[in-house]
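Numbering (my numbering), first residue to last: 7 to 494.
Reading through the structure tokens given below for one structure.
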Amino acid sequence: MTAAQPKASHYINGEYREDMSGSSFETHYPASGETIATLHAATTDLVDEAVAAARAAQPAWAKMTGVERGRILRKAADIIRERNAEISRIETLDTGKAIQETLVADAASAADCLEYFGGIAGGITGETADLGGDFVYTRREPLGVCAGIGAWNYPMQIAAWKAAPALAAGNAFIFKPSEMTPLTALILAEILTEAGLPAGIFNVVQGFGDIGAHLASHPGIDKISLTGSVPTGEKVMGAAAPTLKNVTMELGGKSPILVFDDASLEDAIGGAMLGNFYSTGQICSNGTRVFVQRGIYDRFVERARVRTETIRIGDPLDPETQMGPLISAAQREKVLGYIAKGKDEGARLVTGGDALTLQGFENGHYIAPTIFADVTDDMTIAREEIFGPVMSILPFETEEEAVARANATEFGLAAGVFTSDLTRAHRTVAALEAGTTWINTYNLTPIEAPFGGVKRSGIGRENSKAAIDHYTRLKSVYVATGPVDSPY
Ligand code: NAD
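Written out as structure tokens, the structure reads:
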């Protein structure tokens with residue numbers, strides 16, 4: 007395997023930058039455990055340098071027209087598409103996700119995002135309110151310098167989902183990838199420079215939680231956007247509080263899928279499998295509580311088992327492979343711990359449940375896609391985010407009961423409904439406490455759709471026009487057209 011060593015660890019002020027004084031760390035190929043790159047974490051001094059570069063560059067970027075900014079973002083989208091095969095390979099090496107996924111869902115999603123926000127950059131406008139002579143107009147202004155902190159499951163997608171709307175609106179950006187997957191954000195930075203982005207507008211600094219915390223508390227940063235777990239979200243909001251930073255939080259979930267008796271069985275199973283096994287189950291919006299109505303319950307469980315047992319698990323770089331390993335040994339231990347709890351607490355193991363050792367990939371963090379049936383709401387596997395390929399199936403009798411049980415969670419990221427009854431589909435989706443929902447499909451996240459959570463799953467929205475609101479501030483301007491009516 008060719009190593010994926012980048013030119014340097016960081017990208018600051020338009021160029022790759024190494025800083026040997028930061029502690030070194032390795033990134034591994036999860037299928038084999040091999041080291042694919044060695045990098046250095048940033049020091050706080052280096053972060054400060056990135057902030058200074060971003061602050062210096064941002065005013066000129068904001069003065070360009072939206073169309074000019076958008077042209078650069080759209081050009082970057084084209085370059086990403088030209089380099090998709092190469093970037094997808096690096097994303098597979100960094101995450102272990104199957105290449106058949108990374109080819110369509112990672113760099114490709116980043117390109118869609120840059121194209122979308124490039125397209126609407128010229129359409130970011132304020133409004134006018136006529137006061138019968140006097141009038142008020144609003145200006146949608148950039149926040150200044152924004153920062154993003156990423157998770158490891160969709161490294162380049164997360165970097166783009168955060169940076170593209172920010173840049174379109176005239177902000178500068180500093181991104182800290184997950185320490186588990188540091189590579190493709192650097193490629194994004196390199197491509198943005200090639201597309202014409204001025205130096206200092208998109209910067210990448212590497213590091214662990216301490217560097218994330220430094221960004222979150224930094225007085226020179228106006229906004230922090232995190233994709234990560236709920237506990238990290240609490241810490242980041244806390245660190246951002248003294249400077250009253252604007253925050254976007256894309257956090258974890260325990261999302262429900264409701265499958266009614268009248269649903270297309272095979273479509274519902276396909277949706278539930280997508281919502282539990284794609285990316286080896288490491289997706290925040292996964293529908294890990296599959297509520298199935300009694301009338302089709304037994305058939306659903308049996309067909310889900312049969313289809314799950316056909317999933318091709320193997321070499322992530324083989325285009326035929328449908329499921330790769332988990333990101334790390336620690337993540338596999340965590341998932342196996344939840345599976346053990348599921349068994350102990352009385353859930354019925356339908357398939358899977360074990361770690362897998364694959365020939366040629368003996369050090370890979372593989373695990374069999376797992377289904378539990380007869381899961382009850384109080385079981386740990388029905389309450390906590392597992393972040394692995396573990397589906398829990400829970401029977402239900404009535405719509406009212408299913409909605410109440412689906413909502414009985416602290417999370418609220420996503421939800422899905424499978425039914426052929428039009429009125430029930432809309433009624434239940436309206437009643438579900440979630441930010442991102444689907445009817446008769448699951449886990450599709452086109453750039454046109456707002457994405458984000460409610461309750462403890464998040465604050466703010468990514469993607470769609472809504473993301474612009476989260477990277478701009480509104481200024482109102484009152485304009486008088488007559489004399490000042492003063493009593494003094
Ligand atoms: P994590 O919370 O462990 O880490 C996320 C990022 O936060 C990493 O870059 C990490 O270095 C950084 N970090 C850790 N401690 C920090 C601190 N105190 N201050 C600032 N930054 C800190 O999450 P993870 O394990 O990388 O990812 C999995 C989690 O992310 C899951 O809970 C998953 O649901 C969630 N996630 C959410 C979305 C979404 O869009 N809602 C998408 C993907 C993943």
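Ideal Cβ positions, reconstructed from N, Cα and C, are used throughout, including at glycine.
Query: For a quick check, are the C-beta atoms of residue 165 and residue 96 less than 7 Å apart?; Result: no
Query: State the Cα-Cα distance for the pair residue 207 and residue 143, rounded to the nearest angstrom.; Result: 28 Å
Query: Taking residue 61 as part of the alpha helix (DSSP H), name the residues at either end of that continuous run.; Result: 50-69
Query: From the DSSP output, in three-state form, read off residue 325 for me.; Result: coil
Query: Can you tell me whether residue 488 is buried or exposed? The criterion is at least 16 other CB atoms within 10 Å of its CB, across all chains shown.; Result: exposed
Query: Taking only three categories from DSSP, how would you classify residue 27?; Result: coil
Query: Under DSSP, the alpha helix (DSSP H) around residue 90 begins and ends at which residues?; Result: 90-101
Query: For residue 474, which residues does DSSP report across the bridge?; Result: In DSSP, residue 474 forms no bridge with anything.
Query: Under the DSSP definition of a beta bridge, which residues are partnered with residue 362?; Result: 372
Query: Got a sec? Which residues, its chain only, sit under 7 Å from residue 55 by beta carbon, not counting five neighbours each side?; Result: 18
Query: Given 6 Å as the limit, tell me if residue 258 has its C-beta closer than that to any heavy atom belonging to ligand 1.; Result: yes
Query: Who are the near neighbours of residue 132 in its chain, counting only those whose CB is closer than 7 Å to its CB and skipping five residues on each side?; Result: 143, 144, 145 and 146
Query: Helix, strand or coil for residue 239? Go by DSSP, reduced to three states.; Result: helix
Query: Would a C-beta distance cut-off of 7 Å place residue 114 and residue 233 closer than the cut-off?; Result: no
Query: Roughly how many angstroms separate the alpha carbons of residue 267 and residue 309, rounded to a whole number?; Result: 15 Å
Query: Considering residue 299, what are the terminal residues of the alpha helix (DSSP H) in which it resides?; Result: Residue 299 -> not in any alpha helix (DSSP H); beta strand (DSSP E) instead, spanning 295-299.
Query: Going by other Cβ atoms of all chains shown within 10 Å of its Cβ, with 16 needed for buried, is residue 57 buried or exposed?; Result: buried
Query: Find the nearest neighbour of residue 5 within the set 210, 462 and 471, judged by alpha-carbon distance.; Result: The structure shown does not extend to residue 5, since the chain is modelled only from 7 to 494, so the question has no answer here.
Query: What does the alpha-carbon distance come out to for the pair residue 274 and residue 106?; Result: 22 Å
Query: Which residue marks the beginning of the alpha helix (DSSP H) containing residue 492, and which one marks its end?; Result: Note, residue 492: premise wrong, no alpha helix (DSSP H); not H, not E.
Query: Classify residue 334 as helix, strand or coil using the three-state DSSP reduction.; Result: coil
Query: With distances taken between CB atoms, is the gap from residue 252 to residue 60 smaller than 7 Å?; Result: no
Query: If you follow the beta strand (DSSP E) that residue 231 is part of, which residue opens it and which one closes it?; Result: 229-233
Query: When you measure from the CB of residue 219 to every non-hydrogen atom of ligand 1, does any distance come out below 6 Å?; Result: yes
Query: Let me know if residue 365 comes out buried or exposed under the rule of 16 or more other beta-carbons within 10 Å of its beta-carbon.; Result: exposed
Query: Over the uninterrupted alpha helix (DSSP H) stretch that includes residue 433, give me the two end residues.; Result: 428-437
Query: Buried or exposed for residue 44, going by 16 or more other Cβ atoms inside 10 Å?; Result: exposed
Query: Considering only C-alpha positions, which residue in the set 241, 214 and 297 is nearest to residue 405?; Result: 297
Query: Whose CA, out of 318, 486, 25 and 379, lies closest to the CA of residue 211?; Result: 25
Query: State the DSSP-derived secondary structure class of residue 220, mapped to helix, strand or coil.; Result: helix
Query: Going by Cα to Cα distance, which pick from 99, 154, 88 and 176 is closest to residue 130?; Result: 176
Query: Quick one: which unbroken alpha helix (DSSP H) runs of 4-plus residues sit fully inside the segment 253-323? Chain order, please.; Result: 271-283 and 300-314
Query: Hey, out of 429, 299, 287 and 379, whose CA is closest to residue 392's CA?; Result: 287
Query: May I ask you to report which of helix, strand or coil DSSP gives residue 21?; Result: strand
Query: Hey, residue 160 and residue 112 are a contact pair by Cβ (cut 8 Å); roughly how many whole angstroms apart?; Result: 6 Å
Query: Is the number of C-beta pairs between the segment 62-79 and the segment 173-188 that are closer than 8 Å three or more?; Result: yes
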